[in-house]
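Below: the structure, in structure tokens.
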Amino acid sequence: MSAEFLKALTANRLGEGDVVFWSSGQWVEQFADAELFTEEAPAEAAVALAKAQNRTVVDAYLIDVTRSEQGVAPVSYRERLRALGPTNELGHGKQALGGAAIAALQAASGAARSTGRLDLIRRK
Amino acid sequence: MYRYDAIDKEFLTDRSNEFRHQVGRRLAGELSEDQFKPLRLMNGLYLQLHAYMLRVCIPYGTLNVAQVRRLAWIARTYDKGYGHFTTRQNIQFHWIKLRDAPDILDALAEVNLHAIQTSGNCIRNTTSDPRAGATAEEIDDPRVWSEAIRQWSTLHPEFSYLPRKFKIAVTASAKDRTAARVHDIGLALRRGRDGTLGFEVMVGGGMGRTPFIGQTIKEFLPATRLLSYLEAVLRVYNRAGRRDNIYKARIKILVSSLGAEEFGRQVEEEWAQIDAARADLPDTELARIRAAFIQPGLEVLPPVSDSYEAARAANPALARFARNNVSAHKAPGYAIVDVSLKAHDATPGDANSDQLEAIADLAERFSLGDIRVTHEQNLVLPHVKQSDLPALFEGLVAVGLATPNINLVSDIIACPGLDYCALANARAIPVAQSIAQRFLDADRAELVGELKIKISGCINACGHHHVGHIGILGVDKKGEEYYQLTLGGSGAEDASIGKILGPGLNADQVAPAVDRLVEVYLAERQGEERFLDTYRRIGMTPFKEAVYVDAH
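What follows is the structure in structure tokens.
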């Protein structure tokens with residue numbers, strides 16, 4: 000098991016609620032376009048910038064990401080669902096876009112508990 | 000049904016305007032998220048995994064035609080074309096934008112709907128019997144009392160910041176269709192020996208991570224004293240409830256730690272201090288509310304409709320629907336029709352806009368414009384002439400709403416689970432669908448009979464798994480979805496909390512395990528026993544052995 004530091008920064012857009020990912024100072028819609036942090040300092044710096052964007056996004060947090068033969072995917076099932084959409088309505092959410100990157104996320108398996116899930120009742 | 004007066008309407012408009020202003024300030028950056036979140040939650044707006052979710056209150060599960068049409072329009076205009084009915088008789092929209100929320104609240108207010116007190120540590124929507132006013136079983140119409148509680152509890156200043164959320168149920172029949180014994184307060188209407196009306200008051204029921212069955216603290220509360228007694232219960236809870244620990248803050252924990260007897264004593268003491276003339280509902284007001292629920296338009300009909308009987312004899316599909324989804328009405332020649340939102344490939348509790356509009360049309364034609372929502376995530380058309388049943392059935396078939404499975408194995412409660420919910424650990428919807436798929440054979444499902452399966456995606460138990468005959472709880476086991484089965488729960492008048500069957504199963508193993516449980520039941524049952532009855536008679540062991548046979 001790799002101890003590689005690999006994270007992405009995610010949030011929800013304030014006005015719409017859409018799931019977004021950080022990429023070099025911008026928020027992008029697809030996980031495939033997310034910036035991957037391999038070191039803690041720049042990741043935390045991005046979190047600080049994101050949290051300052053009070054009018055743009057809510058609930059910014061880092062998620063664990065893993066590399067496998069299929070590609071790069073969030074480690075936790077919950078974060079993969081956020082990056083894709085609900086499994087009962089495959090036409091809804093980001094998975095509706097289709098394509099290779101979505102297929103790779105859908106193929107990703109194995110997981111560990113999501114980061115940033117502490118105290119969820121209060122956070123909701 | 001109850002009609003809002005000018006004051007109610009003005010209040011809803013004001014509330015909507017207030018929220019529009021708050022949203023504007025949030026989007027402009029004048030309010031932080033920490034400042035804004037309590038305000039949006041007070042209007043039922045949560046942030047879930049993919050979008051905002053708006054939970055709309057359906058008071059005691061009662062809707063009229065205009066309201067259902069408006070819900071359909073909102074689903075189509077602001078969501079992805081569907082809504083999700085919940086175990087609290089409410090409806091949720093899962094793809095809402097914050098920017099649209101004020102317009103949606105305006106649209107709801109126009110038909111006397113809102114999202115007030117669908118979140119937060121306040122008194123939530125009162126659960127009641129979806130057959131209220133239609134069943135001959137009821138002692139009194141529970142909607143009258145539910146409406147009194149609605150008016151009393153809406154924006155009640157003393158009870159807007161309770162230690163935790165608070166849910167009340169009112170049931171009026173021996174057959175409890177409200178899960179009253181797993182509510183914070185369950186009220187069961189009773190007739191006293193002298194014929195007067197009263198309530199058995201049960202307190203401290205609940206599910207979540209620490210499930211309890213409510214305990215009776217008053218055998219017979221005179222009905223006219225309801226509001227003062229509720230005030231006393233809430234006051235004791237508000238004062239002594241555990242605000243220091245969110246997991247111990249529900250009234251069930253207080254009742255459990257004090258003991259029901261001591262809790263009841265403190266309530267009596269508090270009750271004695273309350274000025275009844277101020278707190279209780281005046282007779283004139285009660286009469287005004289009661290008058291709103293007198294059902295106009297019921298005709299005098301022969302008890303049996305020959306045309307319906309002939310149609311049922313000629314059409315096996317109608318006959319099956321009649322066996323499972325049609326019940327006796329208090330008025331001769333009428334019937335109560337359950338509309339299942341549990342087709343085998345559907346998401347339990349979901350209805351799309353076309354279906355909602357069809358329901359509204361059918362209710363207008365065949366059910367005196369009355370529509371009910373059940374806590375089991377189905378709908379009810381409460382006042383259907385038997386002679387209209389064949390036409391209603393065809394109308395339901397046309398929109399995929401004639402699934403003849405009420406109370407059967409595929410009539411499954413499932414919360415939105417990890418597909419939508421920010422709190423969930425595991426998905427619930429696909430598990431429900433896999434079980435429904437496995438029991439597609441309608442003859443076998445009828446042979447099995449009543450079997451209540453309830454699935455929650457986390458320990459908060461929105462899917463009522465603790466009180467499922469078979470309960471299924473999704474857990475996160477080292478990052479994978481696992482499911483813990485419980486047996487022997489019931490949310491009905493014979494309420495009980497289910498017991499854990501054994502080690503968790505992965506998603507693919509759940510439906511086969513349910514199948515094995517059903518086979519044990521079919522082999523062991525005696526006479527008219529339901530699954531639950533057989534379990535209670537023979538115990539866990541045979542079921543456990545069947546499911547874990549490969550593990551040895």
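Protein chains in written order, with numbering that gives the first Met the number 0: chain A, 0 to 123; chain B, 0 to 551.
Glycine included, every Cβ here is placed at the ideal spot set by N, Cα and C.
Pair within 8 Å by beta-carbon distance, residue i and residue j
i: Gly119/B; j: Met52/B; result: no
i: His374/B; j: Thr126/B; result: yes
i: Gln66/B; j: Leu97/B; result: no
i: Ile57/B; j: Ile90/B; result: yes
i: Arg79/A; j: Leu96/A; result: no
i: Asn324/B; j: Asp337/B; result: yes
i: Leu450/B; j: His468/B; result: yes
i: Ala59/A; j: Ala49/A; result: yes
i: Arg163/B; j: Ala248/B; result: yes
i: Lys329/B; j: Thr134/B; result: yes
i: Ala425/B; j: Glu480/B; result: yes
i: Ile411/B; j: Pro347/B; result: yes
i: Ser22/A; j: Asp32/A; result: yes
i: Leu44/B; j: Tyr419/B; result: no
i: Ala441/B; j: Arg319/B; result: yes
Local conformation of residue i per DSSP, three classes
i: Asn323/B; result: helix
i: Phe10/B; result: helix
i: Lys50/A; result: helix
i: Lys93/A; result: helix
i: Ile73/B; result: helix
i: Arg79/A; result: helix
i: Thr346/B; result: coil
i: Ser23/A; result: coil
i: His113/B; result: strand
i: Ile273/B; result: coil
i: Pro302/B; result: coil
i: Ser152/B; result: helix
i: Glu28/A; result: coil
i: Val338/B; result: strand
With 16 other Cβ atoms within 10 Å as the buried cut-off, status of residue i
i: Leu311/B; result: With the sequence shown as reference, residue 311/B is identified as Arg, and Leu is not the correct amino acid for it. Its Cβ being crowded by 16 or more others within 10 Å, Arg311/B is buried.
i: Pro37/B; result: exposed
i: Gln214/B; result: buried
i: Val299/B; result: exposed
i: Ser455/B; result: buried
i: Leu117/A; result: In this prediction, Leu117/A has a pLDDT of 39, which is less than 50 and means its spatial position is unreliable; what the coordinates show is noted afterwards. Its Cβ having fewer than 16 others within 10 Å, Leu117/A is exposed.
i: Phe4/A; result: exposed
i: Tyr228/B; result: buried
i: Tyr160/B; result: exposed
i: Gln34/B; result: exposed
i: Pro85/A; result: buried
i: Arg277/B; result: exposed
i: Arg87/B; result: buried
i: Gly488/B; result: buried
i: Ile120/A; result: With a pLDDT of only 42 at Ile120/A, under 50, the local geometry of the prediction cannot be trusted, and the value read off the model is given with reservation. Ile120/A is exposed by the Cβ-count criterion.
i: Arg54/B; result: buried
Selection from the options that minimises the alpha carbon distance to residue i
i: Gly473/B; options: Arg234/B, Tyr482/B and Glu308/B; result: Tyr482/B
i: Arg142/B; options: Trp151/B, Gly60/B, Met201/B and Val200/B; result: Gly60/B
i: Thr170/B; options: Ile428/B, Leu380/B, Pro162/B and Met201/B; result: Met201/B
i: Gly490/B; options: His49/B, Leu44/B, Val181/B and Asn63/B; result: Val181/B
i: Thr402/B; options: Glu199/B, Val383/B, Leu340/B and Ile452/B; result: Leu340/B
i: Lys477/B; options: Tyr76/A, Val56/A, Asn11/A and Leu83/A; result: Tyr76/A
i: Val266/B; options: Pro129/B, Gly399/B and Leu220/B; result: Leu220/B
i: Pro553/B; options: Asp128/B, Glu17/B, Ala131/B and Thr209/B; result: Since the first and last residues shown for chain B are 0 and 551, residue 553/B lies out of range.
Any chain B beta carbon closer than 8 Å to residue i
i: Gly14/A; result: yes
i: Tyr60/A; result: no
i: Val19/A; result: no
i: Pro85/A; result: yes
i: Leu80/A; result: yes
i: Val64/A; result: no
i: Ser23/A; result: no
i: Ser75/A; result: yes
Test: residue i CB closer than 8 Å to a CB of chain A
i: Ser455/B; result: no
i: Arg241/B; result: no
i: Tyr51/B; result: yes
i: Pro429/B; result: yes
i: Glu393/B; result: no
i: Glu480/B; result: yes
i: Lys247/B; result: no
i: Lys79/B; result: yes
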